[in-house]
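*Asks:* Each residue of the sequence shown is one higher than the one before, counting from 718 in the working numbering.
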Amino acid sequence: MRRAGGVMRRAAVAAAGLVLLAGCGGGGHDGKDDGAGKGERPGGPARGASATTHLKNIPGIGTALRSRIPAGSRQVVAVYGKAADSADATVVLYEKGPKGWDRKGSWPAHNGRRGWTTDHHEDDKRSPVGVFTLTDAGGVLADPGAKLPYSHSTAFTPPSFWSKNTRHDFDYVIAINYNRVKGTSPLDPTRPEGQSKGGGVWLHLDHGSGTSACVSVSKSAMQTLLRALDPARQPVVVMGDAAHLAA
Numbered sequence: 718m719r720r721a722g723g724v725m726r727r728a729a730v731a732a733a734g735l736v737l738l739a740g741c742g743g744g745g746h747d748g749k750d751d752g753a754g755k756g757e758r759p760g761g762p763a764r765g766a767s768a769t770t771h772l773k774n775i776p777g778i779g780t781a782l783r784s785r786i787p788a789g790s791r792q793v794v795a796v797y798g799k800a801a802d803s804a805d806a807t808v809v810l811y812e813k814g815p816k817g818w819d820r821k822g823s824w825p826a827h828n829g830r831r832g833w834t835t836d837h838h839e840d841d842k843r844s845p846v847g848v849f850t851l852t853d854a855g856g857v858l859a860d861p862g863a864k865l866p867y868s869h870s871t872a873f874t875p876p877s878f879w880s881k882n883t884r885h886d887f888d889y890v891i892a893i894n895y896n897r898v899k900g901t902s903p904l905d906p907t908r909p910e911g912q913s914k915g916g917g918v919w920l921h922l923d924h925g926s927g928t929s930a931c932v933s934v935s936k937s938a939m940q941t942l943l944r945a946l947d948p949a950r951q952p953v954v955v956m957g958d959a960a961h962l963a964a
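1) Quick check: the stretch 882-892 against the stretch 808-817, are there 3 or more CB pairs under 8 Å?
2) If you draw a straight line from the C-alpha of S877 to the C-alpha of R884, how long is it?
3) Taking only the alpha-carbon atoms, compute the straight-line gap between S870 and R831 and give it to the nearest angstrom.
4) What's the C-alpha gap between R785 and G855?
5) Can you tell me which of the three DSSP states P948 falls into?
6) Buried or exposed for P909, please, with buried defined as at least 16 other CB atoms from any protein chain shown within 10 angstroms of its CB.
7) For H961, report the span of its alpha helix (DSSP H) as first-last.
8) Classify L782 as helix, strand or coil using the three-state DSSP reduction.
9) Is it buried or exposed, R944, if we count other Cβ atoms within 10 angstroms and call 16 or more buried?
10) Are the Cβ atoms of D886 and H837 separated by less than 8 Å?
11) Which residues mark the beginning and the end of the beta strand (DSSP E) in which F849 is found?
12) Can you tell me the Cα-Cα spacing of E839 and G789, whole angstroms?
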């Protein structure tokens, strides 16, 4: 770990971490897709398209969510869900410069296996729609050069009874500040709005299908995000299906 304030309370957090991992985003990952079409191209900006630069506004984000992006934010991770009930998505990193928003990267992704919701609850298997700050990261693997405070711990290791294809899901994670305490390890189980509202919603490594509520991308994408996201630029994630994003 890089900061004194982020040192985990070893025994307590390790024990709580197993509970949190077992319910990351409201339920354990089982590696099943629940009907999401793997062969279909995720929604959002086309994969492989050249970057669009100096945009006045972030594409596909309507006034309702755009108004919730902090005025000082200069980095946005946009999660473009394909549809309300789909687990397929595209993650795009935008950075704001003196001439507008520039697209810095785009990656295929997955969200909650049952899609999206504006009223997330534990075990609904849907990702919460909204704008959330990004302040803390961590993982099983050593810090790859993250600018966000990074908690390196084997406590991120998924339980052995999870599906084999999820064993590396939490090699790298970025905590999405939904129903959690900012400035703590992603393993902190505290849920200020109560257990029923879910929690442990992270950006993490993809295992090829939908999640319990988290957003998952490739290992290389997570490394890029960890090295790019800078607390000084007040990064946020804007996430949801196309219809809710555009509202």
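Glycine is no exception: its CB is placed at the ideal position from the N, C-alpha and C atoms.
*Replies:* Taking the definition as stated:
1) no
2) 8 Å
3) 30 Å
4) 26 Å
5) helix
6) exposed
7) A959 to A963
8) helix
9) exposed
10) no
11) Per DSSP, F849 belongs to the beta strand (DSSP E) from G847 to T850.
12) 31 Å
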